[in-house]
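According to the working numbering, numbering within the sequence shown proceeds without interruption in unit steps and concludes at 1157. We put the CB at the ideal spot given by N, CA and C, even for glycine.
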Amino acid sequence: MPKQKTAVPLLILWIVSIIAISWLTLRPETVDDTAFKYFDIVQHFGAFAWLGFLPMRTFRERDTAITAAGAMIFFGAVLELAQIMTPTRDPSWLDMLANTVGVCVGIWIGQRLKEREYFVQLKKSIEEREQENKRRSQHHR
């Protein structure tokens, strides 16, 4: 049986996250009772870091993961521009920047975790081979 190329539960979570962030971005704006002036920017950064991170965990192949995550930059720009069609929202260059930086940070974190897991697995594999070689050498004595 071939190895699965995606983690299906994470793929579903990513799709649900895209839908939720789309709704939150395009719904009519409510009263702004934020804790501090740039809270909106922090929200954009966090949401898009999540959208950039998930594909890095979802797709096994690096190129596929980076392409899917990178597409979230385009997605963020489209969402910002779509706000022109909403009566209570306006597109913002700062939001687009926060989206883009968030995606890049999400990709970076996801890639670092993949590399860490790879090296942990490599170390485990080397240790297993060393143990097997010891057993073989002891058996041949």
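DSSP state of residue i, grouped into three classes?
i       : result
MET1017 : Note that MET1017 has pLDDT 40, beneath the 50 cutoff, so the model's placement of it is unreliable and the number below is only indicative. Here MET1017 sits in coil by DSSP.
PHE1075 : strand
THR1041 : helix
THR1022 : strand
GLN1147 : helix
THR1104 : coil
LYS1139 : helix
PHE1055 : helix
Roughly how many angstroms lie between the CA atoms of residue i and residue j, to the nearest whole one?
i       : j       : result
THR1074 : ARG1152 : 39 Å
MET1101 : PHE1069 : 29 Å
PHE1064 : GLN1147 : 44 Å
VAL1136 : LYS1130 : 10 Å
PHE1055 : MET1112 : 14 Å
ARG1122 : PRO1103 : Looking at the sequence provided, one finds Gly at residue 1122 rather than Arg. Rounded to whole angstroms, GLY1122 to PRO1103 spans 31 Å at the Cα level.
ALA1084 : TRP1030 : 10 Å
VAL1094 : THR1041 : 11 Å
GLY1062 : CYS1120 : 11 Å
HIS1155 : GLU1143 : 18 Å
TYR1134 : ARG1145 : 16 Å
PRO1071 : ALA1081 : 5 Å
SER1141 : ARG1043 : 50 Å
Could you tell me whether the Cβ atoms of residue i and residue j are closer together than 8 Å?
i       : j       : result
LEU1067 : SER1033 : yes
HIS1060 : ALA1098 : no
ILE1057 : LEU1138 : no
ARG1105 : GLU1045 : yes
Please list the terminal residues of the continuous alpha helix (DSSP H) segment that includes residue i.
i       : result
GLN1099 : Note, GLN1099: premise wrong, no alpha helix (DSSP H); not H, not E.
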